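Everything on this sheet refers to the single structure shown next.
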Amino acid sequence: MLREPITVRPDLVGEIVAREEAEFKKRTPRSHEIHERGKASLPMGVSSSFQAVPPYPLFISRAEGSRIWDYDGNEYIDFHLGFGSLLVGHSHPVLMAALRDQLGKGSLYSLPCPDSVFLAEELVRRFAPIEQVRFCNSGTEATMDAIRLARAHTRRDKIVKIEGAYHGHHDNVLMSTKPSLEAAGPARHPNTVPASQGIPADVKNNTIIAPYNDAEALDQILSEHEGEVAAVITEAVLMNVGIMLPQEGYLQRVRDITRRHGVLLIFDEVKTGVTVAPGGITELYPVEPDLICLAKSIGGGMPIGAFGGREEIMRHINHQEVLHLGTFNGNPMSMRAGLVTLTEIFTPEAHAHANQLSAALAKSYEDLIASTGLPMHVAQIGAKGCAMFRHERARNYRAWLEVDMELSFAYWLFLANRGILFPPGLDDQWTISVQHSQADIEHHARVFHEFVAEISR
Ligand SMILES: Cc1ncc(COP(=O)(O)O)c(C=O)c1O
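Position one of the sequence shown corresponds to residue 52 (the working numbering), numbered consecutively onward.
Next comes the structure, spelled out in C-alpha cells:
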C-alpha cells in the first residue's frame, strides 16, 4: 500500500543522532585515540580528506570476505568496500593465491609485463567503446590523462564538467563537486566553483560547468563556446550525489549534441565500471562515448586506473604527441590482480549474484518506504544502491541539495552501531561484493527496518 509522505520529527532525529553518537563513541575508543594521535603527523589525522568524517573515522585493522573489523575489534558487514573498489570482496582466496605468487616474482619492474597485455585485452573485450587502453594507478590519473588526450586530439583547451560530479582530485575537474547554492549561480548555466584552494585561475577558466539531465542547457553552453571545447566529461549515472539516474533519452542527446559540436564525450566509469554490469554503463545505456575512464573494482582492490577509446584517438599517445607516463603504470601486482579478478572471479554468475542481492536489498527498502510513507527513495543499479532522504528522486545537483543530511547521518550511525558499514560521507552508495551472502542482505534489511521503526515514532 502506497502512503502519503510523512514528516520525520526533527527533534526525534536529533535525539537519535545524540544517542547513536554516544553509542558509537562507547564502542570505538581506540579509533578515537589513534585518530587524535594521528592528527599530529597527518593533517586531519587521515591520508584522504574524504576519510575525515564526524564524529571521527573508524580505523580498520583487518577484513575478509564481506566482513571488516575496526581497531576495537567490532565486526561489520562491509557495504563501503573501498568506495566501491571491491566488487571482489576482501581477501578473495583465488586472488590471494595469485598475489602471493606474484609477490614471489617481484612487485615492480617498471618494464612491461605480459599480464598488462592480457588485462588490456580483457578490458577491450568487456567495454564496447574501447579499442585500446592505457593503465595508470587511480581514477584521478585516468580522468587527467583522458582529458589531456582529448585536448590533444581536438586541439582545444576547454572542458565541460557536470555540476555535482566528482572525477578525482586533479585541478581540471576539482570544480563544482559540491558547491554551495550561493556560489553555484544560475541553475542552467552554473558558475565554475573550485572545490579547493590552490587551483590557478587559468585552469578554472578552462572548466565550464553544465547541469545534469539538461541536454538543452549543454547544447547552449557548447554553442557559446563553439570551437573551444575539447570534451564533455561526465558519469553516465552520477555517483557523487547518491545515485542519480539519467532521464529517458538524456544520454543519447548528450551524444548527439557533443558530436554536432565536434566535442569528445568522456564517460567516467571509475565507479560504474564492472559494478553496474560486466561491461559497465554502456551495456545498460547503449550510448557510445569516445573515451572511458576506469579504476576501482577492475583492479581487485589493488591501485589501478585505465583510460581507453578508439584507436584513432589513442594513437596520439606516442613520443611526439601525448605523453602518458608513470613508474607504477601497469605494475605486475595490479595487473595480476585485475586479470585474475576479471577473468577468474567475475564470472557471469558472480556478477549476477552481486546484482541480484543488491536488487533484493533495494526491494526490501522500497517496500518499507512505500508502506510507511517515509520521505526517502532508493536508487539501485547493479551491485550499487543507496537510500536518499528526499521524497522525490533528484534529477540534478540542485535538487539533491534538498536531501536531509541530518537524517542521513542518523541512518549512517544507526547502521554502523548495528554492524552495517556504509562509506563515510553520506553521499555514497552501498556496494555488494561477489562474496556477500543472502544472510548479509537479510541482516542489513532487518537493521533498516529497526531504523525505520525508530524514525516513524
Ligand atoms: C567517478 C569517479 N571518478 C574518479 C574518481 C577518482 O578516483 P581515485 O580516488 O582512484 O583517484 C572517483 C573516486 O571516487 C570517482 O568516484
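Beta carbons are placed, not taken as given, at the ideal position from N, Cα and C, and that holds for glycine. Quantities reported herein were computed from a predicted structural model and do not represent experimental measurements.
- Considering only Asn382, Arg449 and Phe473, the residue with the shortest C-alpha distance to Leu154 is Asn382.
- Listed in chain order, the alpha helix (DSSP H) runs fully inside the stretch 199-241 are 232-235, counting runs of at least 4 residues.
- Listed in chain order, the non-local C-beta contacts of His367 below 8 Å within the same chain comprise Leu200, Ala203, His204 and Val373, local neighbours out to five positions each way being set aside.
- C-alpha of Gly236 to C-alpha of Asn242: approximately 5 Å in a straight line.
- In the same chain as Arg304, and ignoring 5 residues on each side of it, the C-beta atoms closer than 6 Å to its own belong to Ala266, in chain order.
- Our two residues, Ser82 and Gly313, have alpha carbons roughly 52 Å apart in a direct line.
- For Gly356, the shortest separation between its Cβ and any heavy atom of ligand 1 lies below 8 Å.
- For the pair Leu425 and Ile57, the CB atoms are nearer than the 9 Å cut-off.
- Inter-residue distance for Ser167 and Leu138 is about 21 Å (C-alpha atoms, whole angstroms).
- In chain order, Leu390, Leu393 and Thr394 place their CB closer than 7 Å to the CB of Glu173, counting only its own chain and leaving out the 5 sequence neighbours on each side.
- A straight-line Cα-Cα distance of about 12 Å links Glu115 and Gly352.
- Note on geometry: alpha-carbon atoms of Val454 and Asn447 lie some 12 Å from one another.
- Distance from the CA atom of Ala148 to the CA atom of Phe186, rounded to whole angstroms, is 23 Å.
- Secondary structure at Ser112: strand, using DSSP grouped into helix, strand and coil.
- Separation of the CB atoms of Leu146 and Ala388 is rounded to 6 Å, and the pair is thereby assigned contact status at 8 Å.
- With a cutoff of 9 Å on beta-carbon distance, Gly190 and Cys344 are scored as near each other.
- The closest heavy atom of ligand 1 lies less than 8 Å from the beta carbon of Met290.
- DSSP places Gly331 outside both helix and strand once states are collapsed to three, so it counts as coil.
- Excluding five sequence positions before and after Asn188, the CB atoms of its chain that fall closer than 6 Å to its own CB belong to Pro354, Gly356 and Phe379, given in chain order.
- Straight-line spacing of the CA atoms in Ile181 and Thr194 works out to 15 Å.
- Counting only the Cα atoms, Phe358 lies some 7 Å from Leu342.
- Between the beta-carbon of Ser507 and that of Thr423 there is about 6 Å, and that keeps the pair under the 8 Å contact cut.
- Excluding the 5 residues flanking it on each side, Lys435 has same chain C-beta neighbours closer than 6 Å at Thr326, Gln480 and Thr482, in chain order.
- Taking the C-beta atoms as reference points, Lys209 is found no nearer than 9 Å to Met226.
- Looking from the CA of Ser274, the closest CA among Thr309, Glu286, Asp253 and Thr258 belongs to Thr309.
- Residues Arg118, Ile119, Trp120, Asp121, Ala467, Gly470, Ile471 and Leu472 of the same chain have their beta carbon placed closer than 8 Å to that of Tyr127, with the five preceding and five following residues left out of the count.
- Between Ala261 and Arg449, the gap from beta carbon to beta carbon reaches 9 Å or more.
- Distances between the C-beta of Thr228 and the heavy atoms of ligand 1 are all 8 Å or more.
- Tyr416 sits buried, since 16 or more C-beta atoms from the chains shown fall within 10 Å of its C-beta.
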